[in-house]
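Peer 1:
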Amino acid sequence: MLFIINERLPVMVVPFLEAALTYQRIESLSGKLLMTDELIRFFSKRTPDELEVLVRLTMGEVRPGYEGIEIGVAEKLVVKALYQVTMVPVDEIEKGRKTVGDIGLLTEEIMKRKMQMSLFSEPLTTERVFGNLEKMARVEGRSSQDLKLKMVAELLHDASPLEARYIVRIVCQKMRLGIADMTIIDALSYLFTPGFEKASLDLMSGSGLEKLHPLAERLPERSTSVLYSLMERLSIPKKEGIPPDEASRALAILEDLKGSIQKNREKIVRAYNIHPDIGYLAHLLSLSGMSAVESIMVTPFIPLRAMLGERLSSIGDIIEKMGGKAALEYKYDGLRVQAHIAREKDGTKIRLYSRQLEDITEQFPDVVEFLRNGFQCSSAIVEGECVPIDPDSSSFMPFQMISRRRGRKHDLAENIDQVPVVLVLFDCLFLDGRDLTTEPYLTRRDSIGEAFGGIKEEIDPEKGLVLSKMEIVDEASKGEEFFLRALEDGCEGVMAKSVSDQSVYQAGSRGWLWIKYKRDYRSELSDTLDLVVVGAFHGSGRRKGTYGALLMAVLDDVSGEFHTLCKLGSGFNDEDLAVIKEIIDEERGERENVWKNVFSKMEVDVHVKPEKVLEVVGAEITFSPNHTCSFNRMREGYGLALRFPRFTGRYRDDKGPLEATTEREVESLYSLQNRVISEKLPERGEEPGNDHHQ
Numbered sequence: 253m254l255f256i257i258n259e260r261l262p263v264m265v266v267p268f269l270e271a272a273l274t275y276q277r278i279e280s281l282s283g284k285l286l287m288t289d290e291l292i293r294f295f296s297k298r299t300p301d302e303l304e305v306l307v308r309l310t311m312g313e314v315r316p317g318y319e320g321i322e323i324g325v326a327e328k329l330v331v332k333a334l335y336q337v338t339m340v341p342v343d344e345i346e347k348g349r350k351t352v353g354d355i356g357l358l359t360e361e362i363m364k365r366k367m368q369m370s371l372f373s374e375p376l377t378t379e380r381v382f383g384n385l386e387k388m389a390r391v392e393g394r395s396s397q398d399l400k401l402k403m404v405a406e407l408l409h410d411a412s413p414l415e416a417r418y419i420v421r422i423v424c425q426k427m428r429l430g431i432a433d434m435t436i437i438d439a440l441s442y443l444f445t446p447g448f449e450k451a452s453l454d455l456m457s458g459s460g461l462e463k464l465h466p467l468a469e470r471l472p473e474r475s476t477s478v479l480y481s482l483m484e485r486l487s488i489p490k491k492e493g494i495p496p497d498e499a500s501r502a503l504a505i506l507e508d509l510k511g512s513i514q515k516n517r518e519k520i521v522r523a524y525n526i527h528p529d530i531g532y533l534a535h536l537l538s539l540s541g542m543s544a545v546e547s548i549m550v551t552p553f554i555p556l557r558a559m560l561g562e563r564l565s566s567i568g569d570i571i572e573k574m575g576g577k578a579a580l581e582y583k584y585d586g587l588r589v590q591a592h593i594a595r596e597k598d599g600t601k602i603r604l605y606s607r608q609l610e611d612i613t614e615q616f617p618d619v620v621e622f623l624r625n626g627f628q629c630s631s632a633i634v635e636g637e638c639v640p641i642d643p644d645s646s647s648f649m650p651f652q653m654i655s656r657r658r659g660r661k662h663d664l665a666e667n668i669d670q671v672p673v674v675l676v677l678f679d680c681l682f683l684d685g686r687d688l689t690t691e692p693y694l695t696r697r698d699s700i701g702e703a704f705g706g707i708k709e710e711i712d713p714e715k716g717l718v719l720s721k722m723e724i725v726d727e728a729s730k731g732e733e734f735f736l737r738a739l740e741d742g743c744e745g746v747m748a749k750s751v752s753d754q755s756v757y758q759a760g761s762r763g764w765l766w767i768k769y770k771r772d773y774r775s776e777l778s779d780t781l782d783l784v785v786v787g788a789f790h791g792s793g794r795r796k797g798t799y800g801a802l803l804m805a806v807l808d809d810v811s812g813e814f815h816t817l818c819k820l821g822s823g824f825n826d827e828d829l830a831v832i833k834e835i836i837d838e839e840r841g842e843r844e845n846v847w848k849n850v851f852s853k854m855e856v857d858v859h860v861k862p863e864k865v866l867e868v869v870g871a872e873i874t875f876s877p878n879h880t881c882s883f884n885r886m887r888e889g890y891g892l893a894l895r896f897p898r899f900t901g902r903y904r905d906d907k908g909p910l911e912a913t914t915e916r917e918v919e920s921l922y923s924l925q926n927r928v929i930s931e932k933l934p935e936r937g938e939e940p941g942n943d944h945h946q
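Take the sequence shown: its position 260, counting from 1, is numbered 512 in the working numbering, and each next residue is one higher.
Spelled out as structure tokens, the structure:
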């Protein structure tokens, strides 16, 4: 009996080979519009249930990420399944895994060695593939890995080499198509906007447009390339030999159609930002049309995509940008958390979600209790920052300390004692059935106090809930003083927020209603660093076919080893990416050969011999458990890392790896940057007054 996660999904007969061929074509494309057209073709004329499954397969998921249901298959399990199906020795497959770097391509290559399909093979359907994926995600217990192995092997047994490529990529969650959620939304906005057929008929009936009839006939395909080609040709009527009046009429028809597509896209994006399940939205669109998507509301236990802020380099600019007055909040150096709370018959239900919409409830049972004890309403969605504090002084600790709490299960109680946290609340998005995202900022802030009566800006480790420190300013000098106090209190800087009547919560958007101001933007770390390339990560999207980021290291001039400092992905133009690819391909090799003198805690896709030196600039030096520069030298269990690294465009061909920036130089930079900040702080005197209401 087939156990499907969504009971709405009936039996389907879409061949999985059709999906594999579509994915293969998408992989060969570089333009977003071309990828969108492939998705439009693939998704068109499907039932609601078929469309939902095709969207989920394309995204490499069985359920939305916030539900925490993952397929959970490692590459090593795929290696075992490949051995069972092909009898190619495990050692040989493992060797290929290290050299090829892409488990999907390796699987396809090995599957080609099967001389013919088994007499007992059955053609794969998307229904069968999705059903196995769902069962893999659901299976638990001691025998779970054996059952997953069996299900992967079953699919590979009946798969063609091309199908095997994508089956393996999906189960390992490494699709690498370069398709993001917004590309799916683009395709859906074309598919579910009416008017293509009417526009086609209108253009076909016009006089003097005969040259465009072949394209006009194709408008019902809903292709971006057809629409834009028609608009481009109509914009040059003289060259095309089209009467100007008729060209203007036809162009106006297409402009209206394009405007409708854009409006519908905005509706889907708005729905996605408050209900981030693209498979569900696709099903709903196919079933009930755009009106159903418009009716989607903010709902507890479906996390909203986070609102983000822009950046400016001075408080004065920020106040001016916000119309002469702004609310400044401390920008806490912690883990952003969205908490959903509802009182139910059997108790108070609470779930915590990260900025990436990952369910992190089990990792922070203490925060759950803080919320449970302080909550005074029926239901709410609040946002805040989970910040580590010193157990003795209650002062803020670096963000890296909270990483000890992420993903921990076995020694969680011990880490709660060692790394206590508080939840600093700064927004309320939903309260007792009311959607507050359309309310102004100050109204939403007041609602935090309504949900958690008595919450204050001062840290109380016992209560564990803190209201973010805020001050409304209309002068740059007052704002600068507040900013420096924030730094002195251990924060990253401040977040300025509009206090206008239009200061709504823009879920999933980055805009000027919020503006970040951090010490990074004041260029406290002004020196450049000469870092050595020791690893690379495969690119996706625009960087598909090259490398998306590099692992950079400094020299320990005592041991002669190279220790990692940052993952560098910014500052490269297209020409740089081509040059970098040549550098990497020339120096790449197997770990045991090229990393003999590299100390890294981070896994990479490609290991690189430490030879090439690049000039890099960054925001600041900070502690990190993930990098090995000065590891354990300044803090137990931590190394130093460069935040927000950026390539300056300068290849230090004049320097060899032994002339790169050293570990001790980085330690000096770390000490210098902290001294610069402390010298700018005013003397401790009277605290600046708070003229806002609580």
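Just so it is clear, CB atoms sit at the ideal spot from N, CA and C, and this is done for glycine as well.
#1: Helix, strand or coil for His815? Go by DSSP, reduced to three states.
#2: With the cut-off set at 8 angstroms, would you say Glu852 and Thr880 are in Cβ contact?
#3: Label Met384 either buried or exposed according to how many other C-beta atoms from any shown protein chain fall within 10 Å of its C-beta, with 16 as the threshold for buried.
#4: Compute the Euclidean distance between the alpha carbons of Val868 and Ser923, then round it to the nearest angstrom.
#5: Mapping the DSSP letters down to three states, classify Glu259 as helix, strand or coil.
#6: Could you pull the DSSP bridge partners for Ile593 from this structure?
#7: Quick check on DSSP: helix, strand or coil for Ala748?
#8: Taking C-alpha atoms, which residue in Gly787, Asn849, Pro643, Tyr769 lies nearest to Glu714?
#9: Tell me which residues share the same chain as Ala405 and place their Cβ nearer than 7 angstroms to its Cβ, disregarding the 5 neighbours each side in the sequence.
#10: Any contact of the region 601-614 with the region 695-715, i.e. 3+ C-beta pairs under 8 angstroms?
#11: Mind pulling the beta strand (DSSP E) runs of 3 or more residues that sit fully within the region 697-737?
#12: In the DSSP assignment, the alpha helix (DSSP H) including His409 goes from what residue to what residue?
#13: Taking the alpha helix (DSSP H) that Asp454 falls in, what are its first and last residues?
#14: In chain order, what residues of the same chain lie with their CB nearer than 8 angstroms to the CB of Glu977, ignoring the 5 residues before and after it?
#15: Under a Cβ-count criterion, where at least 16 other Cβ atoms within 10 Å of its own Cβ denotes burial, should Phe896 be classed as buried or exposed?
#16: Which term fits Arg563, buried or exposed, when burial requires 16 or more other beta carbons within 10 angstroms of its beta carbon?
#17: What does DSSP give as the partner residues of Ala578 in its beta bridges?
#18: For Gly901, name the three-state secondary structure that DSSP assigns.
#19: CB-CB under 7 angstroms to Glu279, same chain, minus the five flanking residues each way: which ones, in chain order?
#20: Please report how far the alpha carbon of Ala992 lies from the alpha carbon of Leu291, in whole angstroms.
#21: So, with DSSP's three-state summary, where would you put Phe444?
#22: Whole angstroms are fine: how far does the CA of Ala534 sit from the CA of Cys424?
#23: Using the rule of at least 16 other Cβ atoms within 10 Å of the residue's Cβ for burial, across every protein chain shown, is Glu386 buried or exposed?
#24: Considering only the beta carbon of each residue, do Ser452 and Leu471 sit closer than 8 angstroms?
#25: Count Cβ pairs between the region 900-916 and the region 792-800 that sit closer than 8 angstroms; are there 3 or more?
#26: Please name the residue, chosen from Glu572, Leu357, Ile436, Asp398, that lies closest to Glu289 on a Cα-to-Cα basis.
#27: Please report the straight-line C-alpha distance between His945 and Leu719, rounded to a whole angstrom.
#28: Is the distance from the Cβ of Ile593 to the Cβ of Phe616 below 8 angstroms?
#29: Along the beta strand (DSSP E) that carries Met854, what are the first and last residues, could you check?
#30: Which same chain residues, not among the five before or five after Ile422, have their C-beta less than 6 angstroms away from its C-beta?
#31: Per DSSP, which one or two residues make a beta bridge with Phe648?
#32: Decide if Asp203 is buried, meaning its Cβ has at least 16 other Cβ atoms within 10 Å, or exposed.
#33: Report the three-state DSSP secondary structure of Thr377 (helix, strand or coil).
#34: At what residues does the beta strand (DSSP E) containing Thr874 begin and finish?
#35: Output the distance between the C-alpha atoms of Leu269 and Tyr275, rounded to the nearest integer angstrom.
#36: Please state the DSSP three-state secondary structure of Gly841.
Peer 2: Result, derived from the coordinates:
#1: Along the sequence shown, read from residue 1 onward, the residue named residue 815 stands at position 563. The answer is strand: DSSP assigns His815 an E or B state.
#2: The count along the sequence shown starts at 1 and reaches residue 852 at position 600. The count along the sequence shown starts at 1 and reaches residue 880 at position 628. Sequence inspection shows Ser at residue 852; the Glu mentioned does not correspond to that position. Yes.
#3: As a working note, residue 384 is residue 132 in the sequence shown. Residue identity differs from the one stated: residue 384 is Asn in this sequence, not Met. With at least 16 other beta carbons inside 10 angstroms of its own, Asn384 counts as buried.
#4: The residue given as residue 868 occupies position 616 in the sequence shown. The residue given as residue 923 occupies position 671 in the sequence shown. Distance between the alpha carbons of Val868 and Ser923: 19 angstroms.
#5: Numbered from 1 along the sequence shown, position 7 holds the residue referred to as residue 259. Residue placement at Glu259 is flagged as unreliable, the pLDDT there being 44, under the threshold of 50; a coordinate-derived value is accordingly withheld.
#6: For this step, residue 593 is matched to residue 341 along the sequence shown. In the DSSP output, where bridge partners are listed per residue, Ile593 has Ile602, Ala632.
#7: Residue 748 sits at position 496 when you count from the first residue of the sequence shown. Strand, per DSSP.
#8: Mapped onto the sequence shown, residue 714 falls at position 462. For the residues Gly787, Asn849, Pro643, Tyr769, the minimum Cα distance to Glu714 belongs to Pro643.
#9: For the purposes of this step, residue 405 is taken as the residue at position 153 of the sequence shown. Within the same chain, and ignoring the five residues on either side of Ala405 in sequence, the residues whose Cβ sits closer than 7 angstroms to its Cβ are Ala333, Gln336, Val337.
#10: No: fewer than three Cβ pairs fall under 8 angstroms.
#11: List check, beta strand (DSSP E) in window: 717-719, 722-725.
#12: If you number the sequence shown from 1, residue 409 lands on position 157. Segment 396-410, the alpha helix (DSSP H) holding His409.
#13: Walking along the sequence shown from the start, residue 454 turns up at place 202. Annotation for Asp454: the continuous alpha helix (DSSP H) segment containing it runs 448-457.
#14: Examination of residue 977 is not possible in this model, given that the chain is present from 253 through 946 alone.
#15: Position 644 of the sequence shown, counted from the start, is the residue given in the question as residue 896. Phe896 comes out exposed.
#16: The residue you call residue 563 lines up with position 311 of the sequence shown. Exposed: under 16 other Cβ atoms inside 10 Å.
#17: On the sequence shown, position 326 is the one that residue 578 refers to. According to DSSP, residue pairing for Ala578 in a beta bridge involves Val725.
#18: As a position in the sequence shown, residue 901 is number 649, starting the count at 1. In the structure shown, the three-state DSSP call for Gly901 is strand.
#19: Counted from its first residue, the sequence shown places residue 279 at position 27. The answer, listed in chain order, is Leu429.
#20: Given that the chain is displayed from residue 253 to residue 946, the structure contains no residue 992 and the question cannot be resolved.
#21: As a first step, residue 444 must be located in the sequence shown, where it is residue number 192. Coil.
#22: What you label residue 424 is simply residue 172 of the sequence shown in a count that begins at 1. What you label residue 534 is simply residue 282 of the sequence shown in a count that begins at 1. Taking the straight line from one Cα to the other gives about 24 angstroms.
#23: By one-based count along the sequence shown, residue 386 stands at place 134. Answer is buried; the Cβ neighbour count reaches 16.
#24: By one-based count along the sequence shown, residue 452 stands at place 200. By one-based count along the sequence shown, residue 471 stands at place 219. Yes, they are a contact pair.
#25: Between the region 900-916 and the region 792-800, the count of C-beta pairs closer than 8 angstroms stays below three; the two stretches do not touch.
#26: Within the sequence shown, residue 289 is the residue found at index 37, counting from 1. The question names Glu, but residue 289 is Asp in the sequence shown. Here the closest residue by C-alpha is Ile436.
#27: Translated into positions along the sequence shown, residue 945 becomes position 693. Translated into positions along the sequence shown, residue 719 becomes position 467. Only weak support is given to the placement of His945: the predicted model assigns it a pLDDT of 35, under 50, and the question is left unresolved by the model.
#28: The sequence position of residue 593 within the sequence shown is 341, counting from 1. The sequence position of residue 616 within the sequence shown is 364, counting from 1. The Cβ atoms of Ile593 and Phe616 lie no closer than 8 angstroms to each other.
#29: For the purposes of this step, residue 854 is identified with residue 602 of the sequence shown, where counting begins at 1. Per DSSP, Met854 belongs to no beta strand (DSSP E) and is neither H nor E.
#30: Along the sequence shown, read from residue 1 onward, the residue named residue 422 stands at position 170. Result list for Ile422: Gly312, in chain order.
#31: By 1-based counting over the sequence shown, the position of residue 648 is 396. Answer is Ile641, bridged to Phe648.
#32: Nothing in the structure corresponds to residue 203, since the chain is present only between 253 and 946.
#33: Reading the sequence shown from its first residue, position 125 is the one you call residue 377. DSSP, reduced to helix, strand and coil, places Thr377 within a strand of the structure shown.
#34: Within the sequence shown, the letter at position 622 stands for residue 874. It spans 872-876 - the beta strand (DSSP E) in which Thr874 sits, taken as one unbroken run.
#35: On the sequence shown, position 17 is the one that residue 269 refers to. On the sequence shown, position 23 is the one that residue 275 refers to. When rounded, the separation of the alpha-carbon atoms in Leu269 and Tyr275 is 10 angstroms.
#36: Within the sequence shown, the letter at position 589 stands for residue 841. If DSSP states are grouped into helix, strand and coil, Gly841 belongs with the strands.
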